[in-house]
Amino acid sequence: MIAIFGLASLLGSVLLGLWVFLFTPNDALMGVTQKIMYIHVPSIWITYLAFFIVFFSSVGYLWKRTEGFDQVAKSSAEIGVLFCGLGLITGAIWGRPTWGTYWVWDARLTTTLLLFLIYVGYVLLRAFATAGERQARLAAVIGIIGFLDIPLIHVSVQWWRTLHQPSTMFKVGAAGEPKPAMPPELLWPLLVAVVVMTLIYVFFLLWRLQIDADEVALEERLAQE
Amino acid sequence: MKRRYIQFAIGGAIIAAILIGVLYQGVQSTVFFHTPHEILASPEQFRNRTIRIGALVERESTAWDPAAVQLRFKVTEDSRTFIPVVFNGVKPDMYREGQGVVVEGQLDDQGVFQATQVLVKHSEEYSVEKSSYADKENMYKTLVNATER
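Residue numbers (my numbering), protein chains in the order written: chain A, 1 to 225; chain B, 1001 to 1149.
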């Protein structure tokens, strides 16, 4: 199962790369620089997804107190931190040639950095606090509260004046129908990039859970001997 | 036990609501940039302190002096009222007239904005380069020709 997702991720990434660089036209204003969007946007999408899974599993854990929820929350948080970091870095690399700066303290960037720091704190807690039910409970509370930043990130470009542009994907037309401000030639590879990145996420998550299970099994065997 | 959860949920919701409220107010009162209208309505309030202006670059207002490395232009929201901007630095790659910019600097006593940084805002609208397809076709043609030869 893990191998299938791994292979699909690899194959998907290679094909997507070929599509984006050989068969997708450049953006009229930004030229080839805009290609970084195909990593930046899916990275942030995975960040949202990963931390939503943390949120969901943490609520599940506090409610049902089953270890499975806790393990999923822990694993998903680690992956979320990875992709959030990737989103911040690719954003900075994109910002330099487009805006003229790697970083500004506008609401979109600041709330995203806040999200990163909250879950870095979460991962640190899981790494350094004594393992057990108490740690899992504490982590679940942080996992739930930290997630509240995500709706804030989403609305940050509407609530406040920012350097970061408003949402392209969630733009609506006159009648309220969804109308992404992007021609289909650029939009399709982006949607596929989101699917490929989701495959990578599932691959990482299953792999991480497997490692966790192996660790537990190993410890049990060592304890028996 | 059940009651503790309910207390916990209510407490958490209150803390979250306060946090969001504080953040909203905090960021609202320290806006990332001001608009020309706000500044021209009460210029004395903004004079000689570091602020940012977010506006559009007025068309045909750019004067770029490569020898002095100085960029001059006007920013506006409605093409009726303007603030002249002077920036001693390199013209940003994405700088275009009619484009949104965020300039940081100080408004001097003459009403000229002495910018220390010019950032270019990107619109959320994407469009395809017109020449992109043509270039690609030419590329394939040259490739095909090269292999046929």
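Ideal placement from N, C-alpha and C gives every residue a C-beta, glycine not left out.
Check whether the segment 75 to 91 of chain A and the segment 37 to 56 of chain A touch, using three or more Cβ-Cβ pairs below 8 Å as the test.
yes
Given this structure, state the Cα-to-Cα distance separating V1153(B) from T101(A), to the nearest angstrom.
Nothing can be reported for residue 1153(B), as the shown portion of chain B is limited to 1001 through 1149.
Decide if V1057(B) is buried, meaning its Cβ has at least 16 other Cβ atoms within 10 Å, or exposed.
If you number the second sequence from 1, residue 1057(B) lands on position 57. The residue is buried, with at least 16 neighbouring Cβ atoms inside 10 Å.
For L88(A), which option in V195(A), W159(A), T111(A), Q71(A) has the closest C-alpha, if you only look at C-alpha atoms?
What you label residue 88(A) is simply residue 88 of the first sequence in a count that begins at 1. Cα-wise, what sits closest to L88(A) is T111(A).
Using a Cβ cut-off of 8 Å (strictly closer), state whether I1083(B) contacts chain A.
Walking along the second sequence from the start, residue 1083(B) turns up at place 83. With 8 Å as the cut-off, I1083(B) does not count as an interface residue toward chain A.
Does the Cβ-Cβ distance between Y119(A) and A77(A) come in under 8 Å?
What you label residue 119(A) is simply residue 119 of the first sequence in a count that begins at 1. What you label residue 77(A) is simply residue 77 of the first sequence in a count that begins at 1. Contact flag set, yes.
Taking D70(A) and A136(A) to be in contact with their CB atoms under 8 Å, please state how far apart those CB atoms are, rounded to whole angstroms.
Within the first sequence, residue 70(A) is the residue found at index 70, counting from 1. Within the first sequence, residue 136(A) is the residue found at index 136, counting from 1. Yes, D70(A) and A136(A) are in contact; Cβ-Cβ is about 5 Å, under 8 Å.
Answer with yes or no whether the minimum CB distance from R126(A) to chain B is below 8 Å.
To locate residue 126(A), count along the first sequence from 1; it is residue 126. By this cut-off, R126(A) is not an interface position.
Environment of Y1005(B) [buried if 16+ CB atoms lie within 10 Å]:
Within the second sequence, numbered from 1, the residue matching residue 1005(B) stands at position 5. The residue in question, Y1005(B), is exposed, as its Cβ has fewer than 16 Cβ neighbours within 10 Å.
Cβ of G176(A) within 8 Å of any chain B Cβ:
As a working note, residue 176(A) is residue 176 in the first sequence. Cβ-Cβ to chain B under 8 Å: no for G176(A).
By a C-beta neighbour count over all protein chains shown, 10 Å radius and 16 as the cutoff for buried, is L62(A) buried or exposed?
Reading the first sequence from its first residue, position 62 is the one you call residue 62(A). Its Cβ being crowded by 16 or more others within 10 Å, L62(A) is buried.
I'd like the ranges of any alpha helix (DSSP H) spanning at least 4 consecutive residues and lying wholly in the segment 1021 to 1045 of chain B.
1036 to 1041
Rounded to whole angstroms, what's the CA-CA distance from V1086(B) to I36(A)? Just pull it up for me.
As a working note, residue 1086(B) is residue 86 in the second sequence. As a working note, residue 36(A) is residue 36 in the first sequence. Cα to Cα, V1086(B) sits roughly 32 Å from I36(A).
G1098(B) to L29(A) span [Cα, whole Å]
The residue you call residue 1098(B) lines up with position 98 of the second sequence. The residue you call residue 29(A) lines up with position 29 of the first sequence. Going from the Cα of G1098(B) to the Cα of L29(A) covers about 13 Å.
Taking 8 Å as the CB-CB cut-off, is A1134(B) touching chain A?
Indexing the second sequence from 1 puts residue 1134(B) at position 134. Here the model assigns A1134(B) a pLDDT of 48, short of 50, so the residue's position is not dependable, and the following value carries that caveat. Not closer than 8 Å to any Cβ of chain A, the Cβ of A1134(B) fails to qualify, so no.
Spatial distance of L152(A) from I4(A) (CA atoms):
Walking along the first sequence from the start, residue 152(A) turns up at place 152. Walking along the first sequence from the start, residue 4(A) turns up at place 4. Approximately 36 Å between the Cα atoms of the pair.
Mapping the DSSP letters down to three states, classify E67(A) as helix, strand or coil.
For the purposes of this step, residue 67(A) is identified with residue 67 of the first sequence, where counting begins at 1. If DSSP states are grouped into helix, strand and coil, E67(A) belongs with the helices.
Within a Cβ cutoff of 6 Å, which residues of the same chain sit near L125(A), ignoring the five residues on either side of it in sequence?
Indexing the first sequence from 1 puts residue 125(A) at position 125. Contacts found: A139.
What residues in the segment 1092 to 1105 of chain B bring their beta carbon closer than 7 Å to a beta carbon of chain A?
P1092, D1093, M1094, V1102
Jot down the residue ranges of each uninterrupted alpha helix (DSSP H) in the segment 6 to 30 of chain A, minimum 4 residues, whole runs only, in chain order.
none
Which residues, in chain order, does the segment 1006 to 1037 of chain B contribute to contact with chain A at a C-beta distance below 9 Å?
F1008, G1012, I1015, A1016, L1019, I1020, L1023, Y1024, V1027, Q1028, V1031, F1032, F1033, H1034, T1035
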